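Here the structure comes first, spelled out in structure tokens, and everything after it is commentary.
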Amino acid sequence: MVDVGGKDITQRMARAEARISLRPETLALILSGGVPKGDVLAVARVAGIIAAKRTHDLIPLCHALPISGVTVDFVPDDQQGQLGITATVTVSGRTGVEMEALTAVSVAALTVYDMVKAVDRGAVIQTIRLLSKTGGKSGDYSVD
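For the sequence shown, counting from 1, position 129 maps to 147 in this note's numbering; every step adds exactly one.
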């Protein structure tokens with residue numbers, strides 16, 4: 019594990035996204051709250067938040083961080099037949115929260131898949147990526 023003890027404590031933020039392709043009927047079911055397993059967006063949001071907080075338990079050599087905040091948001095895209103998932107994670111710490119943001123969207127997407135698999139076996143999780151990060155010695159990053 020990398021020793022971060024000598025690094026300065028700075029405010030850091032990371033944003034990540036995942037996308038899941040779904041049949042139009044499945045996306046409509048999710049948005050209307052009609053999925054038999056329950057409220058997909060609420061459950062996936064909580065799963066993503068928990069995942070961000072537990073990243074150090076899931077990914078070897080990740081530091082346990084005192085996360086300040088986690089948000090998980092969903093953007094339906096009817097044109098593409100996709101549900102976009104974004105997570106923003108913040109911390110005042112010695113290392114970044116990129117892995118926490120990526121883990122949050124990954125687990126949220128897995129949760130969506132789990133909850134809709136009975137009605138849409140063809141759902142596909144794709145495009146898991148870091149969108150941006152701020153803070154730290156290496157500076158800021160953005161895909162744009």
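Every residue gets a Cβ at the ideal spot worked out from N, C-alpha and C, and that includes glycine.
Since the structure is predicted, the reported quantities are computational estimates derived from the model, not experimental observations.
Sorted by chain position, which residues of the same chain lie with C-beta nearer than 6 Å to V22's C-beta, five sequence neighbours on each side aside? Within the sequence shown, the letter at position 4 stands for residue 22. Excluding residues within five positions, the ones whose Cβ falls inside 6 Å are R112 and T113.
Ignore the nearest five residues each way along the sequence and tell me which others in V123's own chain have a CB closer than 8 Å to its CB. Counting from one through the sequence shown, the residue named residue 123 turns up at place 105. Hits under 8 Å: A34, E35, A36, G66, V90, I103, T104, A105 and I146.
Residue span of the alpha helix (DSSP H) that contains V137, given as start and end: Within the sequence shown, numbered from 1, the residue matching residue 137 stands at position 119. Per DSSP, V137 belongs to no alpha helix (DSSP H) and is neither H nor E.
Round the Cβ separation of R41 and D132 to the nearest angstrom and send it over; I've been treating them as touching at under 8 Å. Taking the first residue of the sequence shown as position 1, residue 41 is located at position 23. Taking the first residue of the sequence shown as position 1, residue 132 is located at position 114. Not a contact, Cβ separation roughly 16 Å.
Taking all protein chains shown into account, do 16 or more other C-beta atoms lie within 10 angstroms of the C-beta of V115, making it buried, or fewer, making it exposed? Taking the sequence shown and counting its residues from 1, one reaches residue 115 at position 97. Buried, because 16 or more other Cβ atoms sit within 10 Å of the Cβ of V115.
Given this structure, state the Cα-to-Cα distance separating V20 from A46, to the nearest angstrom. Numbered from 1 along the sequence shown, position 2 holds the residue referred to as residue 20. Numbered from 1 along the sequence shown, position 28 holds the residue referred to as residue 46. One C-alpha to the other measures close to 45 Å.
Keeping to the same chain, check which residues put their C-beta closer than 8 Å to that of S110; ignore five residues upstream and five downstream. Reading the sequence shown from its first residue, position 92 is the one you call residue 110. Closer than 8 Å at the Cβ level, and outside the excluded window around S110, lie I27, T28, Q29, R30, P84 and S86.
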